[in-house]
């Protein structure tokens, strides 16, 4: 999956879905990148709570203890004594029992995100967080979100929207096919063509072409 480093003002940045861990052999990859670039991670934003999007949180938080962890309010309980019920079901679905231990090491979230809020209160004032808007897009999971920057024409879509018309699966715990179709229709209505989309998996693309 894709972990994104999103620049803010100066050397500040926020991370989206850090997933590096010992099990995948890249435990320190994200932290090393941030430190080599002398970046200051202000926040860890999660598009949803599936194991493949969260297993790097603890390492980043240890390296940047002031970074706030934020996830949609519908899934914030999944990070209290993780894995939560949905997360555990998904791990069992794939038969990846050993990943339950990695997920269990992750800390709870600091901030509950809601539809329509910006990231200014998460990353801090004066860093450009007000340009990033949270869009609730349930379907893949109840608390799935996208992050939209209208000025820069960027959409970070998590597992809601993939390239070539694909979208996140809905046959696991918490998934809802009707909801994700509704979420995709909402994005189509509100996100203009020409927007650069960074999905949770596979390559980025220009929306609407």
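Residue numbers (my numbering): 801 to 1009.
Yeah, the Cβ is synthetic: ideal placement off N, Cα and C, and Gly gets one too.
Collapsed DSSP secondary structure at residue i in the structure displayed
i, result
"residue 870", "strand"
"residue 826", "coil"
"residue 957", "strand"
"residue 940", "coil"
"residue 927", "coil"
"residue 832", "helix"
"residue 820", "coil"
"residue 988", "helix"
"residue 853", "helix"
"residue 973", "coil"
"residue 964", "helix"
"residue 838", "coil"
Inter-residue Cα distance where the pair is residue i and residue j
i, j, result
"residue 961", "residue 982", "12 Å"
"residue 998", "residue 905", "27 Å"
"residue 936", "residue 948", "11 Å"
"residue 811", "residue 867", "14 Å"
"residue 942", "residue 934", "14 Å"
"residue 825", "residue 939", "30 Å"
"residue 980", "residue 970", "8 Å"
"residue 901", "residue 823", "10 Å"
"residue 929", "residue 899", "32 Å"
"residue 1006", "residue 964", "10 Å"
"residue 1011", "residue 851", "There is no way to answer for residue 1011, as the model of the chain reaches only from 801 to 1009."
"residue 820", "residue 921", "26 Å"
"residue 835", "residue 978", "42 Å"
Option in the options with minimal Cα separation from residue i
i, options, result
"residue 809", "925, 884, 875 and 824", "925"
"residue 931", "951, 915, 868 and 889", "951"
"residue 946", "846, 861 and 842", "846"
"residue 910", "861, 966, 895 and 942", "861"
"residue 927", "973, 969, 963 and 841", "841"
"residue 923", "869, 885, 898 and 894", "869"
"residue 769", "801, 838, 831 and 835", "Past the boundaries of the shown model lies residue 769; the chain is included only from 801 to 1009, so the question cannot be answered."
"residue 957", "921, 1002 and 929", "1002"
"residue 878", "953, 849 and 921", "849"
"residue 959", "1000, 996, 985 and 919", "1000"
"residue 814", "975, 833 and 827", "833"
"residue 853", "885, 876, 863 and 817", "817"
Residue(s) in a DSSP beta bridge with residue i
i, result
"residue 983", "DSSP output for residue 983 lists no bridge partner at all."
"residue 814", "806 and 843"
"residue 946", "935"
"residue 996", "954 and 1006"
Inset, instruction - Output the residue ranges of the beta strand (DSSP E) runs that lie fully inside the region 874-917 and measure 3 residues or longer, sorted by chain position. - result: 911-913
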